[in-house]
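Okay, so here's the structure we're looking at.
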Amino acid sequence: MSAHPSQSTEQAAGSPAQSGVGLVIAGYVFALVIPIVGLVLGIVTAKKHNGVGTNHGVWIVSLSVLSFIASAAIIAAAGSSA
1 MSAHPSQSTE
11 QAAGSPAQSG
21 VGLVIAGYVF
31 ALVIPIVGLV
41 LGIVTAKKHN
51 GVGTNHGVWI
61 VSLSVLSFIA
71 SAAIIAAAGS
81 SA
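Residues in the sequence shown are numbered consecutively from 1, following my numbering.
Have a look at this one:
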């Protein structure tokens with residue numbers, strides 16, 4: 001017995017892949033690990049939601065910039081002490 005087509009469409013629309021949860025999580029992770037990738041994902045997230053609902057895109061971009069600055073400062077400090 002197969003499910004009614006409208007039921008499967010409703011379930012697919014509520015899945016994490018459709019709502020962008022995976023993109024947001026990946027954005028935060030990459031913002032800390034690889035800031036330039038996090039920056040791109042943050043911009044994509046901000047454009048995807050068009051300012052409606054969440055501000056994850058702005059937070060991901062901010063975290064990416066701060067992570068990049070911190071990484072640059074650590075590398076500069078390590079280079080000057082050598």
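Using N, Cα and C, we set each Cβ at its ideal position, and we do this for glycine too. Quick caveat: nothing in here was measured; it's all calculated off a predicted structure.
Report the three-state DSSP secondary structure of Thr54 (helix, strand or coil).
For the purposes of this step, residue 54 is taken as the residue at position 54 of the sequence shown. Reduced to three states, the DSSP call for Thr54 is coil.
Check Ile60 in the structure and name its three-state DSSP category.
As a working note, residue 60 is residue 60 in the sequence shown. Here Ile60 sits in helix by DSSP.
Coil, strand or helix - Gly22 by DSSP:
Residue 22 sits at position 22 when you count from the first residue of the sequence shown. In the displayed model, Gly22 falls within a helix according to three-state DSSP.
Applying the criterion that 16 or more other CB atoms from any shown protein chain within 10 Å of the CB defines a buried residue, is Val33 buried or exposed?
Translated into the one-based positions of the sequence shown, residue 33 becomes position 33. Counting Cβ neighbours within 10 Å, Val33 comes out exposed, since fewer than 16 surround it.
Nearest-angstrom Cα separation, counted from Ser80 out to Gln11
Position 11 of the sequence shown, counting from 1, holds the residue named residue 11. Position 80 of the sequence shown, counting from 1, holds the residue named residue 80. With a pLDDT of only 46 at Gln11, under 50, the local geometry of the prediction cannot be trusted, and the value read off the model is given with reservation. About 56 Å.
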